[in-house]
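Read top to bottom, the protein sequences are chains A, B, C and D.
The numbering used here applies: residue 56 is where the first sequence begins, and numbers increase by one.
The numbering used here applies: residue 56 is where the second sequence begins, and numbers increase by one.
The numbering used here applies: residue 56 is where the third sequence begins, and numbers increase by one.
The numbering used here applies: residue 56 is where the fourth sequence begins, and numbers increase by one.
Backbone N, C-alpha and C fix where the C-beta goes; we use that ideal spot for every residue, glycine too.
Bear in mind the structure is a predicted one, so any value in this text is a computation, not a measurement.
There are 4 protein chains.
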Amino acid sequence: MLKRRTDLAVEAHDLWRESAEAETKLPGVRAREEEREGFSVTRVDILDETGAAALGKPVGRYTTLELSGLAGRENDVFPRAVRAVRDELGQLLRDIPENGLALVVGLGNRAITPDAIGPRTADRILVTRHLVTGAPEHFGSFRPVAALAAGVLGATGVESGELVRAVAERIHPACVIAVDALASRSLHRVCRTVQLSDTGIVPGSGVGNHRTALDFDTLGVPVLAVGAPTVVDAATLCADVLAEAGQDALDPQALAGGAPGVIVTPREIDSDVEDLSKVLSYGISLALHPGITMADLELLLS
Amino acid sequence: MLKRRTDLAVEAHDLWRESAEAETKLPGVRAREEEREGFSVTRVDILDETGAAALGKPVGRYTTLELSGLAGRENDVFPRAVRAVRDELGQLLRDIPENGLALVVGLGNRAITPDAIGPRTADRILVTRHLVTGAPEHFGSFRPVAALAAGVLGATGVESGELVRAVAERIHPACVIAVDALASRSLHRVCRTVQLSDTGIVPGSGVGNHRTALDFDTLGVPVLAVGAPTVVDAATLCADVLAEAGQDALDPQALAGGAPGVIVTPREIDSDVEDLSKVLSYGISLALHPGITMADLELLLS
Amino acid sequence: MLKRRTDLAVEAHDLWRESAEAETKLPGVRAREEEREGFSVTRVDILDETGAAALGKPVGRYTTLELSGLAGRENDVFPRAVRAVRDELGQLLRDIPENGLALVVGLGNRAITPDAIGPRTADRILVTRHLVTGAPEHFGSFRPVAALAAGVLGATGVESGELVRAVAERIHPACVIAVDALASRSLHRVCRTVQLSDTGIVPGSGVGNHRTALDFDTLGVPVLAVGAPTVVDAATLCADVLAEAGQDALDPQALAGGAPGVIVTPREIDSDVEDLSKVLSYGISLALHPGITMADLELLLS
Amino acid sequence: MLKRRTDLAVEAHDLWRESAEAETKLPGVRAREEEREGFSVTRVDILDETGAAALGKPVGRYTTLELSGLAGRENDVFPRAVRAVRDELGQLLRDIPENGLALVVGLGNRAITPDAIGPRTADRILVTRHLVTGAPEHFGSFRPVAALAAGVLGATGVESGELVRAVAERIHPACVIAVDALASRSLHRVCRTVQLSDTGIVPGSGVGNHRTALDFDTLGVPVLAVGAPTVVDAATLCADVLAEAGQDALDPQALAGGAPGVIVTPREIDSDVEDLSKVLSYGISLALHPGITMADLELLLS
């Protein structure tokens, strides 16, 4: 079992490997690395309950994109990152009918920067449901898309899961795409990684620690999760700092709870969250509307 | 029938009086002026369909508060304005069960300042539904309150009326309070007036021209509307400017459409909208939670 | 003499023509129309004091770009607009030494959207003064550029002209580029026009009505002014609306003062100001750094 | 000498005590604790160069207010905190002529929340210089006050110290009050502590690590510094977390550099910075204008 909490399947897998005999193969899990658009892509498929128990995550597909260079705004990294998200999400969308309504949901708290990736992504999705319905003669060839920032319980009195269920029951999407900020155990992944999965959102995950699940069981339709880590917890940071100082004999679990209410983020968290939200909103919009180009989006959304 | 569009019943009534014989009494309408907390209060009750046809508004009670001095931030005007909104809304809430769930809905577009009063008010309501449900031993004496900014069709693909219906069907409020920015025909009322009514929101009203009604018929529960005018239309402005120049022979209708896509606002619109949203969020929160003081709210919400 | 106030030389010239005999030529003024990047360009050169008195503006060159299509975000309008600003400003910069320090100053009030073009443009200038000084081995080939948002008197207690003089006296720029929001007399020009001139900023101009001049006389170096109209005044709007209704016999001056404290802006003022600020910051940065491409700027500034 | 960097004299003193023999008295330093408005106040006076060398800070007076309860918005904590800042700053202002011009300077980067305390405080100072000069018959009894957010080098090309010097040379203040975000070595002090001193700002201090000094030597007038810690560095956090886990044998210096580019802040950093900026702007404004009440400020500034 894992000693440190992480929202990333790739980290759960790494931790398992660190703790296991070097040559052991984890039953019920298949992992492989590839490359897309110049970025490293790691796929962790949890195949059965054995794998799920080992990694502490539901059965399903988990894809991790490492968007190295995004923070530095290296040449052409933005369009490459958008295409990578588009194509990976496109794979997860293969079984959803081409013209099925997609509901994109941004989870998290707009007022806390590292938790704002969900709402800011939802704000910039190319929505078309009203156009497809209202002017089918012009927009009938588009997939209908709706988007929603679900708010936070303390500000609305309504659990975000409850709100999404209410809307889904009324507009009947063919799938839900839930976007959320995640916690990572590695400083090196924060604000430069995207995880896509077909398992929905699990209670207790995300920066805001969601209370209820958003998945096939609760919503009755496939739920794809798109997340990006924006924080590490303090104990995790300390374990990393100690390791780099050559002092990793400590059990990181012993540090847990040592700094409650603290968040650890990159210094450039404001621009990092802005950049990541843009990559996600563009990538998701292009995956949902394959006929649209990035230049079209620049005009329609910027 | 009215020549100029207005969202304010008090203006519809004024227009009718201007156009009518001086001594005529409008059948089906009762109007009277009072004072509360030093502000002028006008009550226009539309009693039947004759009155409704004459004023172009549904049967119901309309209360207009003129918050003179608010823009200048005169001494103690803020607490007086809050108490006036609290007490007037309290009257409209008399028939709602004391512990009935209230859903406060902010209509309008957060990204366009004069249309942002609804969402900004909803952001600062003291919500308690999750507390009453989750910790009834501590919060059982509170009225459960939820709040929601309904977003705009172009950004969500979901009509705000549709979203409110979806949520209302799920959480079953005892009443809905809909907050919205309005259009006035008078420069002198803009950003210093609040209208409260028990008739809900009518299609075509508000700065954003809502498409569907939010009222008892569509939601199945009483809908109270709280609005504040933040814009005048260009034709209205011109008629006013001409009148002040002594040249009011023109039919204002002849000017309509002369400046499409233009909005006319006070120069201080940013701080005006901030101030009004604060007055409304405080007044509504205090009307819903009679046991709470303004000082409590300052601590809980600011 | 002009009946209506305008900050645009091209409008002052139009007004003069409307009021003059059809065939008369205005002495001391040369005006001509051209095209650049598909946009209409009007050049009004005020050659002497006769022309200055007739148009109510100082002797100098005034170039007006009409960026039609910018609001609609038509295809490729953004890069064309940036290149047009770059090239027109480049002409005004011809006599400034290539490696002379340029100080870009944003005038206006960040908190009032239509007055925020200056500060928002200054925020996104590619500044290099600290790099050229601090690491000449890497950046010695760049022109040193500094940028400053000058704040507003009511918030700082220091006149913006005073602040610019203080900084100019200390850092000794070879030229100052002052960016400001203007008032137009035509709804059709608002938020889609840019005026460039070599005369600096005149007291009483701009949305905020600056108190002191920023020009060669006060700063001792050439001052280029870059402005964009974001408001029309209420009397101007009314004259326009009346004219469109076929009732233009009125003297617009008679309407002046009819709606004090009111501003008239496009409905989309928030995104219009954002777009214009981006065009100006990119155009100015490219004019000052001829070796840089727009793609470079996207990476460095966005 | 100190192993860990801190901007707080009270922490430097604590560190010295921890490292020293229990009974030793530090020569050249006088420290004592008091209480004001229910808050703990620690005064560390560095009396001579021996004390300065021991604590790594210039000779002068350092006062630390611990604003316990501020984050929780406990009853009346805001007015008490404002009065405490007002009174402590009042003591440092005793030798400045009553009607001498005060220049309040906000240091730091507005775009990075934990570094934004300086600019946000400067934004809300009650400035009067223009009123005292422009309408002495009404405002002659006020102290002239100017305020300035100094910007950041990467965005302006002008060092903030250079900008402040330029303005000071032009407007000749009797004193400068420099407001800045600080780094603390203790999680428990972050966002709930204010340090006031009469020594100005030292190079390398603050969240943004200022390059040049702002003090009597560079500006020629007394410089009071008002700062609040908003971050801890990662190595410091780890040492604290380890200590709480009972494992403090490690030399914290060994951890330095383990997490470059990371900031550690409270989860509620956005509202914390908002609250602290308000406390500082109110406290400073009241110290500079003894005739004004907090209620006056609420009306004039909010």
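For residue i, count neighbouring Cβ atoms within 10 angstroms of its own Cβ and tell me buried if that reaches 16, exposed if not.
{"i": "K80 of chain D", "result": "exposed"}
{"i": "A77 of chain C", "result": "In this predicted model, A77 of chain C has a pLDDT of only 49, less than 50, meaning its place in the structure is not dependable; the value taken from the coordinates is given anyway. It counts as exposed."}
{"i": "E214 of chain D", "result": "buried"}
{"i": "D103 of chain A", "result": "exposed"}
{"i": "N164 of chain B", "result": "buried"}
{"i": "H68 of chain D", "result": "buried"}
{"i": "G263 of chain D", "result": "buried"}
{"i": "E66 of chain D", "result": "buried"}
{"i": "A86 of chain B", "result": "buried"}
{"i": "T348 of chain D", "result": "exposed"}
{"i": "G261 of chain C", "result": "buried"}
Return helix, strand or coil for residue i, following the three-state DSSP convention.
{"i": "E89 of chain A", "result": "strand"}
{"i": "P284 of chain A", "result": "strand"}
{"i": "R98 of chain B", "result": "strand"}
{"i": "A294 of chain A", "result": "helix"}
{"i": "S252 of chain A", "result": "strand"}
{"i": "L120 of chain A", "result": "strand"}
{"i": "D170 of chain C", "result": "helix"}
{"i": "I318 of chain D", "result": "strand"}
{"i": "V15 of chain A", "result": "Only positions 56 to 357 of chain A appear in this structure, which leaves residue 15 of chain A out of reach."}
{"i": "A204 of chain B", "result": "strand"}
{"i": "G161 of chain C", "result": "strand"}
{"i": "A107 of chain C", "result": "helix"}
If the cut is a Cβ gap below 8 Å, which residues of chain B does residue i touch?
{"i": "A210 of chain C", "result": "Within chain B, no residue comes near A210 of chain C; the closest Cβ sits about 12 Å away, beyond 8 Å."}
Any beta carbon from chain A within less than 8 Å of residue i's own beta carbon?
{"i": "L354 of chain C", "result": "yes"}
{"i": "T168 of chain D", "result": "yes"}
{"i": "V278 of chain B", "result": "no"}
If the cut is a Cβ gap below 7 Å, which residues of chain C does residue i touch?
{"i": "N154 of chain A", "result": "Those within 7 Å of N154 of chain A in chain C number zero; the least Cβ separation is about 27 Å."}
{"i": "E217 of chain D", "result": "R225"}
Residue i touches chain D at which residues, Cβ-Cβ below 8 Å?
{"i": "A201 of chain C", "result": "T211, G212, V213"}
{"i": "R322 of chain A", "result": "I167, G316, V317, I318"}
{"i": "V182 of chain C", "result": "G209, A210, T211, G212"}
{"i": "D325 of chain A", "result": "A166, I167, T168"}
Taking only beta-carbon positions, decide if residue i is within less than 8 Å of chain D.
{"i": "L120 of chain C", "result": "no"}
{"i": "D178 of chain C", "result": "yes"}
{"i": "K58 of chain A", "result": "Caution applies to K58 of chain A, whose pLDDT of 44 falls short of 50 and renders its modelled position unreliable; the value that the coordinates give is listed next. It does not; no Cβ of chain D falls within 8 Å."}
{"i": "A283 of chain A", "result": "no"}
Mind pulling the chain D residues with CB within less than 9 Å of residue i?
{"i": "H185 of chain C", "result": "L208, G209, T211, G212, V213, E214"}
For chain C, check one thing: does any of its Cβ atoms lie closer than 8 Å to the Cβ of residue i?
{"i": "N164 of chain A", "result": "no"}
{"i": "N130 of chain A", "result": "yes"}
{"i": "D226 of chain D", "result": "For clarity, residue 226 of chain D is Ile in the given sequence; the question names Asp instead. Yes - at least one Cβ of chain C is within 8 Å of the one on I226 of chain D."}
Quick one: is residue i near chain B, going by C-beta distance under 8 Å?
{"i": "A221 of chain A", "result": "yes"}
{"i": "D142 of chain C", "result": "no"}
Since residue i meets chain A, which of its residues come closer than 7 Å, beta carbon to beta carbon?
{"i": "L237 of chain B", "result": "None at all; the shortest Cβ gap to chain A is about 23 Å."}
List, in order along the chain, the chain C residues whose C-beta lies closer than 8 Å to that of residue i?
{"i": "V231 of chain D", "result": "Simply none; closest approach about 13 Å."}
Three or more C-beta pairs below 8 Å linking the segment 230-245 of chain A and the segment 161-178 of chain A: yes
Stretch pair the segment 215-223 of chain C + the segment 259-274 of chain C: three plus CB contacts closer than 8 Å: yes
contact_flag[the segment 201-209 of chain C, the segment 246-253 of chain C] where n(CB pairs < 8 Å) is 3 or more: no
Touching by the beta-carbon criterion (3+ pairs, under 8 Å), the segment 277-296 of chain B and the segment 87-107 of chain B: no
Stretch pair the segment 327-346 of chain B + the segment 130-146 of chain B: three plus CB contacts closer than 8 Å: yes
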